[in-house]
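Residues 9 to 130 (this note's numbering) make up the sequence shown, in order. Every residue gets a Cβ at the ideal spot worked out from N, C-alpha and C, and that includes glycine. Values in this document were obtained by computation on a predicted structure and should not be read as measured data. Here is the structure we will look at.
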Amino acid sequence: DTHFRLLFVDGRDRKNAMGFLLFEQQGATLAFKGMKVNESFRNKGLSGIFMSIWIVFAAMHGFALTANRIDKPVLSLILMKFHFKPICTNRGFELSEKKGGGICLWHERAEVFKSAFSFRDC
9 DTHFRLLFVD
19 GRDRKNAMGF
29 LLFEQQGATL
39 AFKGMKVNES
49 FRNKGLSGIF
59 MSIWIVFAAM
69 HGFALTANRI
79 DKPVLSLILM
89 KFHFKPICTN
99 RGFELSEKKG
109 GGICLWHERA
119 EVFKSAFSFR
129 DC
């Protein structure tokens with residue numbers, strides 16, 4: 009299997025990347041692996057645009073789509089917006105969009121965030 013990265017740049021300057029989307033080719037299927045939107049470009053709806061470009065790219069080249077296990081709740085929410093179905097829904101986290109943009113992640117026990125997510129994700 010082969011791993012790929014779609015790099016999204018602002019203009020022609022690769023040093024000023026807006027972010028990237030990672031995926032893996034598994035035969036006739038492209039498997040979503042992850043995505044990053046660089047901090048200065050966040051809260052502008054780019055994750056949905058990145059995902060849309062990947063979906064169109066796959067359709068143009070005849071690939072089916074899938075996603076491997078995603079332990080990032082925000083990425084899981086984006087995938088669900090594009091009609092990917094979660095395999096496991098019993099982790100106890102609640103995820104929703106805040107009015108005016110942003111994401112709200114909640115769990116009744118705050119200490120689970122320390123074990124479930126890295127510091128960068130909290």
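My output table needs one value for PHE28: the three-state DSSP class, helix, strand or coil. For the purposes of this step, residue 28 is taken as residue 20 along the sequence shown, with counting starting at 1. The three-state secondary structure of PHE28, taken from DSSP, is strand.
Can you give the Cα-Cα distance for PHE49 and HIS69, rounded to whole angstroms? For the purposes of this step, residue 49 is taken as the residue at position 41 of the sequence shown. For the purposes of this step, residue 69 is taken as the residue at position 61 of the sequence shown. The alpha-carbon of PHE49 is positioned some 29 Å away from that of HIS69.
Given this structure, state the Cα-to-Cα distance separating ILE57 from VAL64, to the nearest angstrom. Numbered from its first residue, the sequence shown carries residue 57 at position 49. Numbered from its first residue, the sequence shown carries residue 64 at position 56. Linking ILE57 to VAL64 through their CA atoms gives a straight-line distance of about 11 Å.
Quick check on the DSSP output: what are the complete alpha helix (DSSP H) runs of length 4 or more inside the segment 29-87, in order along the chain? Whole alpha helix (DSSP H) segments, 4+ residues: 54-68.
Beta-carbon proximity list for SER84, same chain, < 6 Å, skipping 5 on both sides: On the sequence shown, position 76 is the one that residue 84 refers to. Correct list, in chain order: ILE78.
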